[in-house]
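Here the structure comes first, spelled out in structure tokens, and everything after it is commentary.
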């Protein structure tokens, strides 16, 4: 997704873009989904957003992201829905 083409992205769109890029582009030999998760959550926390999604649900989200079953927009929407900002 090109964020610029969809209006002004919020912090959840940007965090999802980081996670999507890392999880799907496989920049590392191992640990891409874990790295995507940490980068996403750290980015959100640094920008004042706290995701209140259970640990089990987070695992499912990032497993689906890594398998291509969850898109960037869907991840952003799920993060937005489960957050406090």
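In our numbering, the protein residues as written are 17 to 101. No residue lacks a Cβ here, since even glycine has one placed at the ideal position from N, Cα and C. Keep in mind that this is a model prediction, so the values were computed, not measured.
Can you find the residues in the same chain that come closer than 7 Å, C-beta to C-beta, to residue 38, ignoring five residues on each side of it along the sequence?
The residue you call residue 38 lines up with position 22 of the chain shown. Result list for residue 38: 48, 51, 52 and 55, in chain order.
Count the other CB atoms within 10 Å of the CB of residue 44; is the residue buried (16 or more) or exposed (fewer)?
Along the chain shown, read from residue 1 onward, the residue named residue 44 stands at position 28. Residue 44 should be labelled exposed.
List the endpoints of the continuous alpha helix (DSSP H) containing residue 30.
Residue numbering aside, residue 30 sits at position 14 when the chain shown is read from its first letter. Per DSSP, residue 30 belongs to the alpha helix (DSSP H) from 27 to 41.
For residue 82, count the other beta carbons within 10 Å of its own beta carbon; 16 or more makes it buried, fewer makes it exposed. Which is it?
One-based indexing of the chain shown puts residue 82 at position 66. Buried, because 16 or more other Cβ atoms sit within 10 Å of the Cβ of residue 82.
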